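Participant:
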Amino acid sequence: MKSSSKLLISLLACLPLCLLGGCWSSVELNDRAFARILVLDYHDTGIELTLGFPLPSRLSAGKAGSSAGGQSTKPFTFITKTGKDIGQAYRKIQADLPREITLGQLRSIVISKKFAQKGIKPFADFLAREPAIHINGNLFVMNGTAKQLADISTTFEKFPSDILSDFSEENESISMTIKDMLMAIFNGGDMVMPILVFGEAGDESDSKGNNWLRAGGAAIFKQGKMVSTLNTKESRGALWILGQTKEAEFNVSSPTDGKTVSFYVQHASTKIKPIINGKQISFLITCKANANLLSTESTMDLTVQKDMKLLEQRLADKLKGRIGQAFAKSKTAESDVFQLGNYIKWRYPQKWKVIKKDWRAYFSAKVRVDTKIEMVMKWTGAVQNPEWNRLLPDKEAAK
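Here it is as C-alpha cells:
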C-alpha cells in the first residue's frame, strides 16, 4: 500500500514536467533579424518594401551613436527591395540577410501616400495571412519616402519605431492598428489613418540635417483607397468622435475682454447613440471632460459664476466646431470613416438591412449629427482674482 502511494506521488510529481514546453522554434535568437518597422511604397517596377532592423552589434553601451572614426553609427538599419508583390520583395530582402527575418516584433507599419491612394488591399491580404505579425501594430500614412524615415532625428528615442509608437500612445495622432484596419475593410474599407510629415525648415531639422517627424492630420479612406485628408484641427475633432482623446489643450477668448484663456482638458470620454425618427437617421455624440485653467491673459474675475459659465460654453462651442468639421469632411468624401453604420447595425438590425447597400450615399446626403458637450470647470488654479490685475492695469483697457 505504501509503495503504491509512493509510486502515485512520484508520478504526480513528474507530471508537470511533461507539460513544460521547450523552444517553439529551432532558430536561435542570434540567428534572427527582428524587424521593427515596415514601409510600403510604389516603384516603377512594382512594390517597394522597406524593413527596419535594430543592430545588436551597436546596442551595447558605448557603441551606439559613435564609431572608432568618430562618425555616427545608428543602432538600426533600413533595407529596401522592390518586387511584383510584397511577398517577392520580402524574399529579396531575406536573400540578402545572413539572419532569418522575424516579424513578431513589428510594431509600426508605414505606407506612402501614393500606395494609400492606389489601395491597401494587397497589403491587407499580406497582413491577414501572416500569423507572426501582431494585430496591435500601429499604421501610418507617410507624406515622404522610406529614406526620409531612415534619416529622422532620434534625439529622444534610440529607434524610429519608438518615436512612432509614442505618437499613438500619447494620443498626439489618431490611433489605427492592424486589427482596426482589418475590421474596417471587413465593413467596407472606410477608415481614417494618421499622417506623418517631415520637418521642412527651422527647428524641424537638427544640426546634422536630419528631419524631425511630426503628426500632420489624417488620411480618409473610402473602400480601401485614400481619397481625402483631415487637417490637424479636423483630426483632433476626429479623435473625439473616435473616443481616443484623453487629454487636450484649448485656447478660447475671454467673455469680458476677449483676451486668450488656455485650458487643459482631461478625463475625456465619448458616447455615440444612433437615433431613427421615421425616415431620418441621426447620431447624438456626447462628449464629457473636465477642464483645468492653464493660463490667462484676461483680467476677468474667475469668481464670477456668470462669466465662468460663458467661458465653459465657449470651450464647448470650440470643441463642437472641431467635431463638426471632421464629420463634414467625411460626408464630403462619402466615407463613413467613424464606422457610424455599425451603431445602426447593432441597435437597428432590420433598418440596417434596408439601407446597407446604399449607406455611403445615404450617409453623405441625409445623415445628421448632433453634438452634446458636457465640459466642467474643475480647477482654476491657486489664484482666482490675482492682485497683479489691479497693480498692473492693462494700458489698452484703460484707454
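The opening residue of the sequence shown carries number 1 in the UniProt record's numbering; numbering runs sequentially from there. Just so you know, even glycine gets a beta-carbon here, dropped at the ideal spot from N, CA and C. All figures in this text were calculated on a predicted structure; none of them were measured in a lab.
Alpha carbon to alpha carbon, what distance is there between Asp307 and Val164?
Facilitator: In the sequence as displayed, the identity of residue 164 is Leu instead of Val. Approximately 42 angstroms between the Cα atoms of the pair.
Participant: Quick test of your reading: Ala184 and Gln339, contact by CB under 8 angstroms. State the CB separation rounded to the nearest angstrom.
Facilitator: Confirmed, Cβ separation roughly 7 angstroms.
Participant: Mind checking Leu38: buried by the 16 CB within 10 Å criterion, or exposed?
Facilitator: buried
Participant: Among the residues of its own chain, which have a CB less than 7 angstroms from the CB of Lys320, if the five just before and after it don't count?
Facilitator: Cβ within range, chain order: Thr371 and Ile373.
Participant: Tell me the rounded alpha-carbon separation between Trp379 and Leu293.
Facilitator: If you draw a straight line from the Cα of Trp379 to the Cα of Leu293, it is about 6 angstroms long.
Participant: In chain order, which continuous runs of the alpha helix (DSSP H) of length 4 or greater are located wholly inside the segment 86-144?
Facilitator: 86-95, 113-118 and 121-129
Participant: Since Ser335 and Ile241 are thought to touch, with beta carbons under 8 angstroms apart, how far apart are those beta carbons, to the nearest angstrom?
Facilitator: With 8 angstroms as the limit, Ser335 and Ile241 do not qualify as a contact, their Cβ atoms being about 13 angstroms apart.
Participant: Count the C-beta pairs between the segment 145-162 and the segment 130-137 that are closer than 8 angstroms, then say yes if the count reaches three, no if not.
Facilitator: no
Participant: According to the neighbour-count rule (16 or more other Cβ atoms, all chains shown, within 10 Å of its Cβ), is Thr296 buried or exposed?
Facilitator: buried
Participant: Go ahead and label Gly278 buried or exposed: buried means 16 or more other beta carbons lie within 10 angstroms of its beta carbon, across all protein chains shown.
Facilitator: The residue in question, Gly278, is exposed, as its Cβ has fewer than 16 Cβ neighbours within 10 Å.
Participant: Would you mind stating whether Leu182 and Ala116 have Cβ atoms separated by less than 8 angstroms?
Facilitator: no
Participant: With distances taken between CB atoms, is the gap from Ala33 to Glu100 smaller than 8 angstroms?
Facilitator: Yes.
Participant: Enumerate in chain order the residues of its own chain whose CB-to-CB distance from Pro255 is below 8 angstroms, with the five nearest sequence positions on each side excluded.
Facilitator: Met300, Asp307, Leu310, Leu311 and Arg314
Participant: From this set, Leu103, Gln148 and Ile109, which residue's C-alpha is nearest Trp212's C-alpha?
Facilitator: The shortest Cα separation from Trp212 among Leu103, Gln148 and Ile109 belongs to Gln148.
Participant: Distance, Cα to Cα, Ser235 vs Thr260?
Facilitator: 23 angstroms
Participant: Tell me whether Asn187 sits in a helix, a strand or coil according to DSSP, three-state version.
Facilitator: Of the three classes helix, strand and coil, the one that applies to Asn187 here is coil, per DSSP.
Participant: Is the distance from the Cβ of Thr82 to the Cβ of Ile47 below 8 angstroms?
Facilitator: yes
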